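Note that the UniProt record's numbering gives residue 13 to position 13 of the sequence shown, counting from 1, and the numbers run on in steps of one.
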Amino acid sequence: MTIQNMQSNVRIDARQAGEILGVTAYTVRRWAKAGELPCLRYPSGRLYFRRADIEALLTPVTAAAPTSHDAPTSPSVTEVSDLVTAV
Numbered sequence: 001m002t003i004q005n006m007q008s009n010v011r012i013d014a015r016q017a018g019e020i021l022g023v024t025a026y027t028v029r030r031w032a033k034a035g036e037l038p039c040l041r042y043p044s045g046r047l048y049f050r051r052a053d054i055e056a057l058l059t060p061v062t063a064a065a066p067t068s069h070d071a072p073t074s075p076s077v078t079e080v081s082d083l084v085t086a087v
């Protein structure tokens, strides 16, 4: 296993993922619960995330068209990714 592969499999908690993405741990957990962010749930109930999955959100993606639903109370994964790439 290469160092790059080992680093991509590093697991981080919701707080660390939030720090990388610039959102709160609550938002990261909400995204995971909604299925927008892949996670690992340990028997204790704690959520962990692959660092590579979190960092992949920081790469440019094509934003989906807005829907007519009510506006969310916090930004979606795509919105954060778009904001990060705009900086």
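Cβ atoms here follow ideal geometry from the backbone N, Cα and C, with glycine treated the same way.
Predicted model, so just to flag it, every value in this text is computed and none were measured.
Residue interval of the beta strand (DSSP E) (run including residue i)
i: Tyr26; result: Not the beta strand (DSSP E): Tyr26 falls in the alpha helix (DSSP H), residues 25-33.
Residue i vs residue j beta-carbon contact at 7 angstroms
i: Pro60; j: Thr85; result: yes
Closest Cα partner of residue i within the set the options
i: Pro38; options: Gly22, Pro75, Ala14, Leu83; result: Ala14
i: Gln16; options: Ser44, Ile54, Val80; result: Ile54
i: Ala34; options: Phe49, Ile12, Ser76; result: Ser76
i: Ser74; options: Gly45, Ser44, Tyr26; result: Tyr26
i: Trp31; options: Gly45, Phe49, Ser44; result: Phe49
Cβ-Cβ separation, residue j to residue i (assumed contact under 8 angstroms), whole Å
i: Arg51; j: Val10; result: 4 angstroms
i: Leu21; j: Leu47; result: With 8 angstroms as the limit, Leu21 and Leu47 do not qualify as a contact, their Cβ atoms being about 14 angstroms apart.
i: Val80; j: Val23; result: 6 angstroms
Bounding residues of the alpha helix (DSSP H) (the contiguous stretch that carries residue i)
i: Arg51; result: 51-56
i: Thr78; result: 77-86
Residues that DSSP places opposite residue i in a beta bridge
i: Leu40; result: Tyr48
i: Ile12; result: Phe49
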